[in-house]
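S.K.: A single structure is presented below for examination.
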Amino acid sequence: MDAKIKKIGGRAVLAFVYVALLVVFFLTGRTHTILIDNKADPDGAWQAVRGMTVSVNGREPVEYLRGDRDRELVKGQKFSIRIEFFDGRDPFEATLKVPLSVDTLLLSVPKLIDGIEPAMEKFDIYGANRATTAAGENERFGQPETDAADELPVIGF
């Protein structure tokens, strides 16, 4: 009986360790897409940065000018960002947390450096495409769509 309890206890500990490792690997190995955006607000609430380099997680800096957007892939739930400005301002550094359930985030650098919340927003490329499609679904090749029943000839028997 004592050997049976040890065997069951050993299996329970092994199962717990296995599940704990799965959770750790999932949290640290999950990849997220960060869209780094340097665009101004259409209403003028914030302005785009004239020129800067952005480094994510210590990687090689990427140059951004006004209106640019590029993507970076990050692993895990946190990433660091370093922004160096072409106009000589002091560099900006931050560590940001990525929500677990989000695959793609839009990071507005002008909002981040100005302290405007939220600087990071969930980005749904499929939702943006659906909105564009819905807005243009009544037009084909620049012509308004007509009701197909109105175009069919009426044939009487």
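Just so you know, we're using the numbering used here here: the sequence shown kicks off at 22 and counts up by one.
All residues carry an ideal CB built from backbone N, CA and C; glycine is no exception.
Because the structure is a prediction, the values reported are computed rather than measured.
Quick check: the Cα distance between Lys-96 and Thr-52, rounded to an integer number of angstroms?
M.R.: Cα to Cα, the separation comes out at about 4 Å.
S.K.: Exposed or buried, Ser-129, counting other C-beta atoms within 10 Å across all chains shown (16 or more means buried)?
M.R.: Buried.
S.K.: Could you tell me if the beta carbon of Arg-87 falls within a distance shorter than 7 Å of some heavy atom in the ligand GDP?
M.R.: Within the structure as shown, the ligand GDP is missing, as the structure has no ligands at all.
S.K.: Go ahead and pull the three-state DSSP assignment for Asp-135.
M.R.: Helix, per DSSP.
S.K.: Look up Gly-113 in the DSSP assignment and give the residues it is bridged to.
M.R.: Before going further, note that residue 113 is Phe rather than Gly in the sequence given. Its beta-bridge partners are Ile-104.
S.K.: Taking only three categories from DSSP, how would you classify Asp-91?
M.R.: Of the three classes helix, strand and coil, the one that applies to Asp-91 here is strand, per DSSP.
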